[in-house]
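Scroll down for the structure; my scribbles are underneath it.
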Amino acid sequence: MSSFKNPHFMYLFALKSKPEKRKLAYGRSPEDALEILSFRMTQAEMDDIVRTDFIKIHQRQMQEYVHLLG
138 MSSFKNPHFM YLFALKSKPE KRKLAYGRSP EDALEILSFR MTQAEMDDIV
188 RTDFIKIHQR QMQEYVHLLG
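Every letter in the sequence shown is one number past the one before it in the working numbering, and letter 33, counting from 1, is 170.
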């Protein structure tokens, strides 16, 4: 299926343990991005994510936010 019909975005989710840093996720929606992220993270790591505090960005904007990755 074409990604042009179902666009995906990058989401930067806030972290409880490091308020100044964010976790990068990719998906059609914030919920989809968190589900995809859960495939490669432990439950403890997922619990550290603030699910309601996120920034939605496009891939071409990534350089502006790379300093926030943690």
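All residues carry an ideal CB built from backbone N, CA and C; glycine is no exception.
- Message: Give the list of continuous alpha helix (DSSP H) stretches no shorter than 4 residues that lie fully inside the stretch 139 to 203.
- Response: Restricting attention to alpha helix (DSSP H) runs no shorter than 4 residues, the stretch 139 to 203 encloses them at 167 to 175, 180 to 184, 199 to 202, ordered along the chain.
- Would you check if the distance between the CB atom of Leu149 and the CB atom of Ile186 is smaller than 7 Å? Locating residue 149 in the sequence shown gives position 12, where the first residue counts as 1. Locating residue 186 in the sequence shown gives position 49, where the first residue counts as 1. A distance of 7 Å or more separates the beta carbons of Leu149 and Ile186.
- Query: What are the partner residues of Leu206, as DSSP defines its beta bridges?
  - Reply: As a working note, residue 206 is residue 69 in the sequence shown. In the DSSP assignment, Leu206 is bridged to Arg159.
- Pairwise C-alpha distance: Phe146 and Ile194: Residue numbering aside, residue 194 sits at position 57 when the sequence shown is read from its first letter. Residue numbering aside, residue 146 sits at position 9 when the sequence shown is read from its first letter. When only Cα atoms are considered, Ile194 and Phe146 end up about 6 Å apart.
- Message: Residues in the same chain with beta-carbon distance under 7 Å from Leu205, minus the five sequence neighbours each way, listed in chain order, please.
- Response: What you label residue 205 is simply residue 68 of the sequence shown in a count that begins at 1. Excluding sequence neighbours, Leu205 sits near Leu149, Lys158, Arg159.
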